[in-house]
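Heads up: the structure comes next, in C-alpha cells.
Residue numbers (this note's numbering): 26 to 271.
Given below as C-alpha cells:
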C-alpha cells in the first residue's frame, strides 16, 4: 500500500473510532517477575486435535500485571533483526517492518489490581487503542486438593467465568493475585488453568524473577480510548481498504 493511500485509509478510519484519549493514568510499576504459559485454544470444535497454540507471558508487579503474547514478541524481534541485516547490506534502500501474524495474539491485558481496573490494548495498523474492561469478579471455590507444578505446591480452585467452567491451580508461595488472561483474584499466582471441555488451556512453562527497576509496567501516554464494537468495525474497514488497494 502506498504512503498516500495509507494516509487516505487512516483518515477514513478516524470517524469510526472514538478520538478521546484515555484519562486513566498509572505510575510506573517495576516488574518483579515473569511467568510463561503454553496456551492452547480450540477455535474450531470440528478439529479439536488442531488447537491454536501460542507462548504467552505474564509480567508481575506489586500493584499490576501485564499479559501478552511472547510468540508475537519473538516474531517481531526476528523481523527487526532481519530488517537491520537487510538495511546494513543495502545502503539507501527502503526499510520496512511488515509480517503477517493472524494466529498470534495482538492484544495486551493490563490488570491494575489495587484500582480494580483492567484495560485491553489493541492496534489498528500501527496505532494503539485502549478498551476498558469490566473488572473480573470471579467467585472461586477453593478446594483442599493440592499438587506440585514447577516445584511449587499448588491448590485447586474452580469457578464459572465468561461462559466456561474453569479449574485453576494457584500457589501461595508466590503471593500475587494474578493469572493468565483475565483469570485472577486468588491468594496466589495461578500457574495452570483450563476449562472443563479443555478448549482453553494455560500450562505453566517457567518463572523468572526480575531485577527491580530494570523493566516497568507502564501505559503508553495518549492512547485513544474506544469500544470493542468500534475497534472491530475499524479493523474490518481497514481490511476492505487493503483488499481494494492491494
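Just so it is clear, CB atoms sit at the ideal spot from N, CA and C, and this is done for glycine as well.
Legend entry - Proximity of residue 156 and residue 253 at Cβ, strictly below 8 Å: yes
Inset, instruction - Starting from residue 182, follow its DSSP beta bridges and name the residues at the other end. - result: 167, 193
Legend entry - Selected residue, minimal CA-CA separation from residue 198, among 185, 178, 186: 178
Legend entry - Outcome for residue 204 when other beta-carbon atoms lying within 10 angstroms are tallied against a minimum of 16: buried
Inset, instruction - Use the C-beta contact count for residue 140: other C-beta atoms within 10 angstroms, 16 or more gives buried, fewer gives exposed. - result: exposed
Legend entry - Euclidean distance between Cα positions of residue 255 and residue 54: Roughly 30 Å between the two C-alpha positions.
Inset, instruction - Pull up the distance between the alpha-carbon of residue 247 and that of residue 153, whole angstroms please. - result: Their Cα atoms are separated by approximately 9 Å.
Legend entry - Option nearest residue 180 by Cα separation, candidates 200, 188, 162, 189: 200
Inset, instruction - Check whether the Cβ atoms of residue 82 and residue 76 lie closer than 8 Å to each other. - result: Here residue 82 is not near residue 76, since their CB atoms are 8 Å or more apart.
Inset, instruction - Please go through the same chain and pick out, in chain order, the residues whose beta-carbon is closer than 6 Å to the beta-carbon of residue 191, but skip the five residues on each side of it. - result: 184, 218, 220
Legend entry - Local conformation of residue 39 per DSSP, three classes: Residue placement at residue 39 is poorly supported in this model, since its pLDDT is 45, which falls under 50; the coordinates still yield a value, given next. Residue 39 carries a helical assignment under DSSP once its states are collapsed to helix, strand and coil.
Legend entry - Local Cβ density within 10 Å of residue 164, reported as buried at 16 or more and exposed below that: exposed
Legend entry - For residue 138, the three-state DSSP class (helix, strand or coil): DSSP places residue 138 in coil when its eight states are reduced to three.
Inset, instruction - Rounded to whole angstroms, what's the CA-CA distance from residue 169 to residue 206? Just pull it up for me. - result: The C-alpha of residue 169 lies about 24 Å from the C-alpha of residue 206.
Inset, instruction - Look at the Cβ atom of residue 21, then the Cβ atom of residue 216, and state whether they are nearer than 8 Å. - result: The requested residue 21 does not occur in the structure, where the chain is confined to residues 26 to 271.
Legend entry - Bridge-paired residues (DSSP) for residue 232: 60
Inset, instruction - May I ask you to report which of helix, strand or coil DSSP gives residue 278? - result: The requested residue 278 is not part of the displayed model; the chain covers only 26 to 271.
Inset, instruction - Would you tell me roughly how many angstroms separate the C-alpha atoms of residue 138 and residue 213, rounded to the nearest one? - result: 13 Å
Inset, instruction - Give the straight-line distance between the Cα atoms of residue 166 and residue 211, rounded to the nearest whole angstrom. - result: Near 10 Å, if we compare the C-alpha coordinates of residue 211 and residue 166.
Legend entry - Contacts around residue 243, its chain only, beta-carbon distance under 6 Å, and the 5 residues preceding and following it disregarded: 53
Inset, instruction - Evaluate residue 123 with the Cβ neighbour count: other Cβ atoms within 10 Å of its Cβ, from every protein chain shown; 16 or more gives buried, anything less gives exposed. - result: Caution applies to residue 123, whose pLDDT of 48 falls short of 50 and renders its modelled position unreliable; the value that the coordinates give is listed next. It is exposed - the Cβ of residue 123 has fewer than 16 other Cβ atoms within 10 Å.
Inset, instruction - Tell me whether residue 208 is buried or exposed, calling it buried when 16 or more other Cβ atoms sit within 10 Å of its Cβ. - result: buried
Inset, instruction - Just the C-alpha distance for residue 224 and residue 60, rounded to the nearest angstrom, thanks. - result: 21 Å
Legend entry - With 16 other Cβ atoms within 10 Å as the buried cut-off, status of residue 159: exposed
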